[in-house]
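Read left to right, the sequence shown gives residues 1 to 238 (UniProt numbering).
Note that beta-carbon positions come from the ideal geometry of N, C-alpha and C, so glycine has one too.
Here the structure comes first, spelled out in structure tokens, and everything after it is commentary.
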Amino acid sequence: DTEIKFLCENIKFVSFEQNQVLFGEGQETNCAYLIFRGRVQEESNWMFQELEVGSIVGVLHLLPEFSCTVTSAKAVTSVSAAVLTKSVVLEYLNILKCIYLEASEEVLMYNQEALNLGNLRKECICKVVVESTLKLFKKQDKFSLNSGGFILSGELLVGVAPLFLYPSDETFTVSSEYCIVLEFPFQLGAEIVSTCNCSEGISSYCKKQLTTNFKWQKTKTQSKSPNLTEDPNVTQRS
């Protein structure tokens, strides 16, 4: 309740006309926009998306790692939005954790090369984010990632974010104020161990999930199909 009250007291609202630029790339910034009405197009050389009500435009710019805009944004329609500032987000770790949850997909896409994810498709990255668990650890906390995962923010004794941690029972210690971790599901960790490669493991995991879902949908459809051989009004051909 305290955090929600704090947010409400420190948010202001703005409006943009159709085709108006919200921000350009490479500008100093400390805010992002939560859309209440309308649609916004956000793009860069590493991403393109059209955002609607409930989405945060420029969510990366709320993270302490980003002092300048890494995308540009333009209103597709007239837009009403709440201005979220970095200082407000950083006031409470629980709020910051929620922002990282919203920004996880874009953090991975932006750091795709640094994390050696190759040409991994956006759909695969999105699936990893949706099916993984976001965790926040504080300084001196210890944790292990049996299924592997990504360090999205913070510093460990073994390295600094962005960082991929291979599935293991090794214990890691947080050396920064906090650490944001995206922990993989068990099945994904198993695929990474099997392929000995993060990018290949994710691709294999997504393909298997897609195949499983297709087979399930096919079985479900067949089970709903009428059995003509049981219809007394249907004459079987001899």
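* Asked: Beta carbon of Asn19, beta carbon of Lys74: below 8 Å?
  -> yes
* Take the Cβ of Ala81 as the centre, count every other Cβ of all protein chains shown within 10 Å, and call the residue buried at 16 or more, exposed below. => buried
* To do: Enumerate in chain order the residues of its own chain whose CB-to-CB distance from Trp216 is below 6 Å, with the five nearest sequence positions on each side excluded.
  => Note that Trp216 scores 45 on pLDDT, short of 50, meaning its location in the model is unreliable; the coordinates nonetheless yield the value given after this. So the list is empty, once near-sequence residues are dropped.
* State buried or exposed for Phe150, treating a residue as buried only when at least 16 other CB atoms are found within 10 Å of its CB. => buried
* From Arg39 to Gly58, what does the alpha carbon distance come to, in whole angstroms? -> 13 Å
* With a CB to CB cut of under 8 Å and the five nearest residues on each side skipped, what residues in its chain are close to Ser78? -> Ser15, Phe16, Glu17, Gln18, Arg37, Gly38
* In chain order, which continuous runs of the alpha helix (DSSP H) of length 4 or greater are located wholly inside the region 84-167? -> 86-89, 93-110, 122-131
* Asked: What is the DSSP secondary structure of Ile35, reduced to helix, strand or coil?
  -> strand
* Bounding residues of the alpha helix (DSSP H) (the contiguous stretch that carries Asn3) -> Note that residue 3 is Glu in the sequence shown, not Asn. Here the alpha helix (DSSP H) through Glu3 covers 2-9.
* To do: Would you kindly work out how many angstroms separate the C-alpha atoms of Thr211 and Glu3, rounded to a whole number?
  => 43 Å
* Asked: Straight-line CA distance for Gln41 to Asp169?
  -> 42 Å
* In terms of alpha-carbon separation, which member of Phe13, Glu65, Leu134 lies closest to Asn94? -> Leu134
* To do: For Val89, collect the residues of the same chain with a Cβ closer than 7 Å to its Cβ; drop the 5 residues on either side in sequence, then sort them by chain order.
  => Leu62, Ile95, Leu96, Ile99
* Asked: If you check the beta carbons only, do Leu60 and Ala103 fall under 8 Å apart?
  -> yes
* What does a CB cutoff of less than 7 Å around Phe66 pick up in its chain, not counting 5 residues either side in sequence? -> Leu60
* For Leu63, three-class secondary structure by DSSP -> coil
* Selection from Thr69, Leu188, Cys31, Phe6 that minimises the alpha carbon distance to Val130 -> Leu188
* At which residues does the alpha helix (DSSP H) containing Val193 begin and terminate? -> 186-195
* Tell me which same chain residues have a C-beta within less than 6 Å of the C-beta of Gly24, skipping the five on either side of it? -> Ser72
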